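Residue numbers (the UniProt record's numbering): 1 to 753.
See the structure below:
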């Protein structure tokens, strides 16, 4: 039963279907306990001397008809006993019965105590309460909660007036209906009605009304609970689904009807609720408690609180049963043991119930603990960052003080040419000696002149593109240009420019390297590479003819002389054929490798997903692999369709090959942005490689595994690298020996991105 019932005035007791006492309010417990000890669980008949059949007949009449009956009057000793019976339906349909007991000779002190208790209960009740005369509806008294509910500030605004005169009744007909029900039943329970506040707003309430005699005058006590927000929510739900509204209203009605039944409360609670006796033995638990610790309700009823406490923690911090018995509420945190042996951190709010039992409300705080730990870690990290930032700022101040001197020294000592140009007119404001030597001019000839005035610029259009890039992006890097020295000699330079603000003006710092010799060497290297490719192609092509002869004659030997060859001869012949086939594949790879240098790129936008899906389909069919291949959504790419298809074919086939000896091969293919580039990757859980030898992966004929372990020519990754290089991308790999490898390659963005 609720605390509200416990504090109600008068002698109130609840009996079950077996006429046993299950609950009582404070006054009843104080009345019955001195003579009868612990009354809970005893039959109600034990409290009275009147013949059992009289009281039992009245109780059975209430249970059968499920309606209140006329009061039972009888005399005991020097007092007259009056008992009123009221049925309270239970979820199962079998009603409890509330007995209200009155003795006509109660002494003045008890009456005064009851009056004071009722006055306090009335005044400080969180529910809105009002008392009015039945005859003319005049308001006699209201509590603070009702003033707040109806937006009044003082009782004087209400007392002595009627709800009708104050325009409080949003539906005046409702009062007439309530009066009718009161005359029939003496009370109205949990009816919903609307009231109009002083400000004109409509408030919905759940009302319970009781007809009583105060000073020999019929009066109406109204208990109102503000349900406006719930009604607003219900109105919204009605517009969405009428059927759902009916269910919600039915559920609300049932919840109101079962307010006195603690079982319905704990059954619906999301927190675990444990009820135990004063020894810690469980008497009842709710479904949330079962879900929290993994035990069934039947298992819990055979256990005690000690069974779920962590022993070491219980020794350090034993349960505070004594404090609970003293009426204190205990809030604590513990780790409870689940049925599977795991621990769950919880917050326990424990208190004593009025019937001598202990109530524990237990909440899983796993997520809250994680959040608290995360906040603590964040605070610690933030504090550390503040310290680091403070130290960094101090360092920066020191560095800034030294920066001018360092910059001046670096500016003068740099082997690269460095210039500072004012962007508004492109005039040189400062240059270093390396730049002067590079162009063959003196400082006086250069300062306060532009590169155009000095005749340095060969390609005017390229200079205009540089200026536009600076205005748009604020910088550009590694641009190759041709400039003219004072002597008229043309030199090749590599230029990187950053813009800076100084004194309200924009300047450009240009770092320039003379790459004339490097360009000459590069041109020579390109010629040598072309000659090498031609030589490779020629040699590979010329090897095909004798190789075909070897393969052909070995086939003739096998077909014509198989009967006369012994096992050793057949083994040698098979070895010749296998090696000739491998050499054929090697020649094909070399030809492809050499042709690549001459092949022009036919770039277009490529649907990478489609290309990868087709390669996986073909390779799975040809290799019969059992690998699990995971493919993320892949970014589109821009390049030569045929060449990039070869890249994917090589990388995926390598992943299948090198993971084939794993019991459960797994291959993961994906992509991610990296600045302006897109990076693709193929990851496997196969043989992997030692990173100390990673630099050999992309060389021709370089292999990190023996051919007896994994077949191959040693050209595939070299070919893959050349294709990626030709597209202006990068390729690299990461791995660990025996733990798999990941191959990455990047491609520049599509034009216009």
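For each residue, glycine too, the CB sits at the ideal point set by N, CA and C.
Since the model is a prediction, treat every value here as computed from it, not as a measurement.
To test your reading of the DSSP string, which unbroken beta strand (DSSP E) runs of 3 or more residues are found completely within the segment 417-461? 417-422 and 427-431
Which class does residue 183 belong to by DSSP, given the choice of helix, strand or coil? In the chain shown, counting from the first residue as 1, residue 183 sits at position 183. Three-state DSSP puts residue 183 in a helix.
Terminal residues of the alpha helix (DSSP H) in which residue 760 lies: Nothing can be reported for residue 760: it is not among the residues displayed for the chain, which extend from 1 to 753.
With 16 as the cutoff for other CB atoms within 10 Å, does residue 383 come out buried or exposed? Here the question's residue 383 lines up with position 383 in the chain shown. Its Cβ having fewer than 16 others within 10 Å, residue 383 is exposed.
Output the distance between the C-alpha atoms of residue 643 and residue 745, rounded to the nearest integer angstrom. The residue labelled residue 643 in the question sits at position 643 within the chain shown. The residue labelled residue 745 in the question sits at position 745 within the chain shown. Those two C-alpha atoms are separated by around 14 Å.
Opening and closing residue of the beta strand (DSSP E) in which residue 12 lies: Your numbering for residue 12 matches position 12 in the chain shown. Residue 12 -> beta strand (DSSP E) spans 11-15.
Just to confirm my understanding: we take residue 740, look at its own chain, exclude 5 residues before and 5 after, and list those with CB closer than 6 Å. What are they? Mapped onto the chain shown, residue 740 falls at position 740. The residues are 684, 685, 686 and 688.
In three-state terms, what does DSSP make of residue 201? Here residue 201 refers to the residue found at position 201 of the chain shown. Reduced to three states, the DSSP call for residue 201 is coil.
Euclidean distance between Cα positions of residue 513 and residue 434: As a first step, residue 513 is located in the chain shown; it is residue number 513 there, counting from the start. As a first step, residue 434 is located in the chain shown; it is residue number 434 there, counting from the start. If I take the Cα positions, the gap works out to 9 Å.
Would residue 196 pass as a contact of residue 152 if the rule is Cβ separation under 7 Å? Taking the first residue of the chain shown as 1, we reach residue 196 at position 196. Taking the first residue of the chain shown as 1, we reach residue 152 at position 152. No, the pair does not count as a contact, with Cβ atoms beyond the cut-off.
Among the candidates 141, 445, 496 and 569, whose CA atom is the shortest distance from the CA of residue 454? What you label residue 454 is simply residue 454 of the chain shown in a count that begins at 1. Residue 454 has its Cα closest to that of 445, out of 141, 445, 496 and 569.
Determine the direct distance from the alpha carbon of residue 613 to that of residue 348, and round the result to whole angstroms. Residue mapping note: residue 348 aligns to position 348 of the chain shown, counting from 1. Residue mapping note: residue 613 aligns to position 613 of the chain shown, counting from 1. Answer to the nearest angstrom: the Cα atoms are 55 Å apart.
Give me, in chain order, the residues of the same chain whose beta-carbon lies closer than 7 Å to that of residue 16; leave out the 5 immediate sequence neighbours on both sides. Start at 1 with the first residue of the chain shown, and residue 16 comes out as number 16. Excluding residues within five positions, the ones whose Cβ falls inside 7 Å are 22 and 96.
Three or more C-beta pairs closer than 8 Å, one from the segment 48-55 and one from the segment 70-86: is that the case here? yes
With a 10 Å radius around its C-beta and 16 neighbouring C-beta atoms as the bar for buried, classify residue 765 as buried or exposed. No statement about residue 765 is possible, as the shown extent of the chain runs from 1 to 753 and does not include it.
I'd like to know if residue 233 contacts chain C, where contact means its C-beta is closer than 7 Å to some C-beta of that chain. No chain C is present in this structure, which holds just one protein chain.
From 675, 320 and 722, residue whose alpha carbon lies closest to that of residue 749: The count along the chain shown starts at 1 and reaches residue 749 at position 749. For the residues 675, 320 and 722, the minimum Cα distance to residue 749 belongs to 675.
Range of the contiguous alpha helix (DSSP H) that encloses residue 622: The residue labelled residue 622 in the question sits at position 622 within the chain shown. DSSP places residue 622 inside the alpha helix (DSSP H), whose first and last residues are 608-623.
For residue 112, count neighbouring C-beta atoms within 10 Å of its own C-beta (all shown protein chains included) and say buried if the count is 16 or more, exposed if not. On the chain shown, residue 112 is found 112 positions in, with the first residue counted as 1. Bear in mind that the predicted position of residue 112 carries a pLDDT of just 47, short of 50, making it unreliable; the figure below should be weighed with that in mind. Per the 10 Å Cβ criterion, exposed.
Chain-order list of residues whose beta-carbon lies under 6 Å from that of residue 487 (same chain, five-residue window excluded): Along the chain shown, one-based indexing puts residue 487 at 487. The answer, listed in chain order, is 440.
Pair within 7 Å by beta-carbon distance, residue 631 and residue 655: Counted from its first residue, the chain shown places residue 631 at position 631. Counted from its first residue, the chain shown places residue 655 at position 655. No, Cβ-Cβ distance for residue 631 and residue 655 is not below 7 Å.
Near residue 287, what residues of its chain come up, given a Cβ to Cβ distance below 7 Å and the 5 sequence neighbours on each side ignored? Locating residue 287 in the chain shown gives position 287, where the first residue counts as 1. Here the set comprises 267.
Closest to residue 605 by CA distance: which of 659, 638, 615 and 522 is it? Position 605 of the chain shown holds residue 605. Checked all of 659, 638, 615 and 522; the closest Cα to residue 605 is 638.
In whole angstroms, what separates the C-alpha of residue 716 from that of residue 580? Here residue 716 is taken as the residue at index 716 of the chain shown, counted from 1. Here residue 580 is taken as the residue at index 580 of the chain shown, counted from 1. C-alpha separation (whole angstroms): 19 Å.
Return helix, strand or coil for residue 286, following the three-state DSSP convention. In the chain shown, the residue the question calls residue 286 occupies position 286. Three-state DSSP puts residue 286 in coil, outside helix and strand.
Hey, quick one: how far does the alpha helix (DSSP H) through residue 324 stretch, first residue to last? Walking along the chain shown from the start, residue 324 turns up at place 324. Residues 321-325.
Candidates 304, 326 and 331: closest to residue 317 by CA position: Here residue 317 corresponds to residue number 317 of the chain shown, with the count starting at 1. Comparing Cα positions, the closest option is 331.
What residues in its chain sit with their C-beta under 6 Å from that of residue 279, if we drop five residues either side in the sequence? Position 279 of the chain shown, counting from 1, holds the residue named residue 279. Within the same chain, residue 279 has no close Cβ partners at all.
Within the continuous beta strand (DSSP E) that includes residue 97, where are the two ends? Within the chain shown, residue 97 is the residue found at index 97, counting from 1. Segment 96-103, the beta strand (DSSP E) holding residue 97.
Quick one: Cα of residue 467 to Cα of residue 492, how far? Reading the chain shown from its first residue, position 467 is the one you call residue 467. Reading the chain shown from its first residue, position 492 is the one you call residue 492. Taking the straight line from one Cα to the other gives about 19 Å.
Is residue 220 closer than 7 Å to residue 132 when the C-beta atoms are compared? By 1-based counting over the chain shown, the position of residue 132 is 132. By 1-based counting over the chain shown, the position of residue 220 is 220. Against a cut-off of 7 Å, the Cβ pair of residue 220 and residue 132 comes out as a contact.
Beta carbon of residue 720, beta carbon of residue 615: below 7 Å? Within the chain shown, the letter at position 720 stands for residue 720. Within the chain shown, the letter at position 615 stands for residue 615. Their beta carbons are not under 7 Å apart, which means residue 720 does not touch residue 615 by this criterion.
On the premise that residue 62 lies in contact with residue 40, defined as a C-beta separation below 8 Å, what is that separation, rounded to the nearest angstrom? Residue mapping note: residue 40 aligns to position 40 of the chain shown, counting from 1. Residue mapping note: residue 62 aligns to position 62 of the chain shown, counting from 1. With 8 Å as the limit, residue 40 and residue 62 do not qualify as a contact, their Cβ atoms being about 20 Å apart.
Can you check which of these residues, 362, 663 and 728, is closest to residue 346 by C-alpha distance? As a first step, residue 346 must be located in the chain shown, where it is residue number 346. Among 362, 663 and 728, the Cα nearest to that of residue 346 belongs to 362.
Taking the C-alpha atoms as reference points, what is the distance between residue 413 and residue 442? The count along the chain shown starts at 1 and reaches residue 413 at position 413. The count along the chain shown starts at 1 and reaches residue 442 at position 442. Here the C-alpha atom of residue 413 lies approximately 17 Å from the C-alpha atom of residue 442.
Determine the DSSP secondary structure at residue 750, reduced to helix, strand or coil. Taking the first residue of the chain shown as position 1, residue 750 is located at position 750. DSSP places residue 750 in coil when its eight states are reduced to three.
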